[in-house]
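Here the structure is laid out as structure tokens; the discussion comes afterwards.
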Amino acid sequence: MSSDDFSATETRIELLAGIHPSNRQPIFEQVLVTPTDTEDQYKLLKSPLFVRGVAAQDVVSLQKASRGRFDVVSRSGVLALRVFFKSPDPDLETQLSAEMEKLGGSLDIQSERALAYSIHFGVGFSSIEGLISQWIGDKQVQWNYGNVYDPKTGEPLNWWQDMLNA
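With the sequence shown counted from 1, adding 76 to any position gets you our numbering.
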């Protein structure tokens with residue numbers, strides 16, 4: 077994402093990331109957004125690390141009756157790719173980030189043991205997965221798409237099919 081994608085009105089909102097398995101309390105993630113012209117609608121400026129179902133440039137509408145819950149208003153065509161390290165691996169992080177940038181992706185969130193990337197689906201799932209497999213290999217790293225599968229059923233969301241057929 078370029079700096080032009082960020083507006084003077086950028087802010088953070090909390091989105092529901094899940095429910096804690098032990099205490100059953102909701103877990104929220106603050107995401108960087110800019111408000112749209114419609115009340116309670118926001119455009120995500122970066123892909124979240126833990127919130128599922130959305131990626132950078134998607135527009136969401138907050139549900140007024142339930143803190144952090146949201147509906148996707150429109151999809152941007154961006155995939156959220158999340159990478160989790162068992163232990164820090166700065167060399168792999170650097171290599172993977174450089175390769176993602178070559179495909180037009182961007183590193184949106186970086187922590188010691190987790191990364192969140194945004195990359196357009198038009199690059200192709202096989203290209204992205206090939207790149208990940210090449211660099212991760214047998215290392216103790218887990219990765220997944222944050223907005224490809226339904227968080228409840230595990231079924232593909234298939235939102236990209238509408239874009240392919242447009």
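Glycine included, every Cβ here is placed at the ideal spot set by N, Cα and C.
**Message:** Bridge partners for G94 per DSSP, in chain order?
**Reply:** On the sequence shown, position 18 is the one that residue 94 refers to. DSSP, once it has assigned bridges, lists I103 as partnering G94.
**Request:** Determine the burial state of G230: buried for a count of at least 16 other Cβ atoms within 10 Å of its Cβ, exposed for fewer.
**Result:** If you number the sequence shown from 1, residue 230 lands on position 154. Flag for G230 reads exposed.
**Item:** For K178, the first and last residue of its enclosing alpha helix (DSSP H)
**Value:** Translated into positions along the sequence shown, residue 178 becomes position 102. 166 to 178 is the span of the alpha helix (DSSP H), which, as asked, contains K178.
**Message:** Please tell me whether, using a cut-off of 8 Å, the distance from the CB of E177 to the nearest non-hydrogen atom of the ligand ATP is below it.
**Reply:** Absent from the structure shown: the ligand ATP. Ligands present: none.
**Message:** On the DSSP letters alone, give me the boundaries of the alpha helix (DSSP H) that F160 sits inside.
**Reply:** As a working mapping, residue 160 is identified with position 84 in the sequence shown. Unbroken run through F160 is the beta strand (DSSP E), 154 to 161; no alpha helix (DSSP H).
**Message:** Here's the rule: buried if 16 or more other CB atoms are within 10 angstroms of the residue's CB, otherwise exposed. What is P166?
**Reply:** Residue mapping note: residue 166 aligns to position 90 of the sequence shown, counting from 1. When all chains shown are included, P166 counts as exposed.
**Message:** Going by beta-carbon coordinates alone, are V130 and L91 separated by less than 9 Å?
**Reply:** Along the sequence shown, read from residue 1 onward, the residue named residue 130 stands at position 54. Along the sequence shown, read from residue 1 onward, the residue named residue 91 stands at position 15. Yes.
**Message:** According to DSSP, is Q218 part of a helix, a strand, or is it coil?
**Reply:** Position 142 of the sequence shown, counted from the start, is the residue given in the question as residue 218. In this structure, Q218 counts as strand in the three-state DSSP scheme.
**Request:** Express the C-alpha separation of F201 and N241 in angstroms, rounding to a whole number.
**Result:** For the purposes of this step, residue 241 is taken as the residue at position 165 of the sequence shown. For the purposes of this step, residue 201 is taken as the residue at position 125 of the sequence shown. Straight-line Cα distance between these residues: approximately 17 Å.
**Request:** Compute the beta-carbon to beta-carbon distance between F146 and G94, rounded to the nearest angstrom, for a pair I have assumed lies under 8 Å.
**Result:** As a first step, residue 146 is located in the sequence shown; it is residue number 70 there, counting from the start. As a first step, residue 94 is located in the sequence shown; it is residue number 18 there, counting from the start. F146 to G94, Cβ: 13 Å. No contact.
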